[in-house]
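This report concerns only the one structure given below.
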Amino acid sequence: MNPYPMFVVMAALTILSPGPSVLKSLTNALNHGLRPALVGMAGLTAGVMLVATLSATSLGVLIATSPALFEVVRYIGVLYLLWLSIKLWRSLPNLAGNSDRSTDRHLFVEGVLLQLANPNALVFFLSVLPQFIDHQSRYLPQFVLLVSSFCLMMVLVHCGYIVFAQRARGWLQGRGGRWINRLSAIVFVVLAGSLLRG
239 MNPYPMFVVM AALTILSPGP SVLKSLTNAL NHGLRPALVG MAGLTAGVML VATLSATSLG
299 VLIATSPALF EVVRYIGVLY LLWLSIKLWR SLPNLAGNSD RSTDRHLFVE GVLLQLANPN
359 ALVFFLSVLP QFIDHQSRYL PQFVLLVSSF CLMMVLVHCG YIVFAQRARG WLQGRGGRWI
419 NRLSAIVFVV LAGSLLRG
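Shown next, in the form of structure tokens:
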């Protein structure tokens, strides 16, 4: 059987499952509006590309095989998730959807950092992706195809989440939006805890 369809299924399930990046796209859409959320999604996608590229280098292998370095990355991820949870807990939804370039830039950088601080992403590209590489064929074209496919699926799935959240903004006037932010903050804390235990 062709391993590519299997990779697509596995990647789709990974992307669809609620996690830090999905939650970030949802809260960006609720708090800042459509365009900034799309910019944030671009940051998340760029972060995935960086993690994938890192995984293909000796540095990625070094991080994965060195318990001390992997722990450092894990604790950075925990701290970053906790920082995001505090920020969400204290923030108010910007239901007017006003934003500027500094907001867009900030959301883009947050997206990149969120992926870089997520050791699970590194593990996926170090341990799962190589299983779909045919070692009898050239590595680079296969790597580019798999990572590009992952990123394309991520864009499509996150666009769906963003559009859903954007349409729900009208129902979240006032306290509703504040409670969504706080619920999201709690989920980030839970994710940080699971990362800490992992």
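Here the sequence shown is numbered in my numbering, starting from 239 and rising by one per residue.
C-beta: ideal position from N, C-alpha, C; glycine also.
Put simply, of MET244, PRO243, LEU254 the residue whose alpha carbon is nearest the alpha carbon of ILE400 is LEU254. Going by beta carbons, GLN369 and VAL286 fall outside the 9 angstroms limit.
The three-state reading of DSSP puts PRO379 in helix, counting H, G and I together. Contact between the segment 257 to 276 and the segment 414 to 432 is established, with three or more Cβ pairs separated by less than 8 angstroms. For THR341, the closest alpha carbon among the candidates LEU383, CYS389, ALA430, GLY278 is that of GLY278. Secondary structure note for LEU292: its alpha helix (DSSP H) is the uninterrupted segment 272 to 293. With the rule of 3 Cβ pairs closer than 8 angstroms, the segment 307 to 326 counts as touching the segment 427 to 435. Secondary structure of PRO241 (DSSP, three-state): helix.
The beta carbon of ALA355 lies closer than 6 angstroms to those of ILE314, GLY315, TYR318 in the same chain, with the five residues before and after it left out. Inter-residue distance for VAL395 and PRO305 is about 33 angstroms (C-alpha atoms, whole angstroms). In the DSSP annotation of this structure, the continuous segment of the alpha helix (DSSP H) that includes LEU320 starts and ends at 305 to 328. Across the structure, ALA403 and GLN374 are spaced so that their CA atoms are roughly 44 angstroms apart.
Straight-line measurement puts the Cα of PRO357 at about 15 angstroms from the Cα of LEU320.
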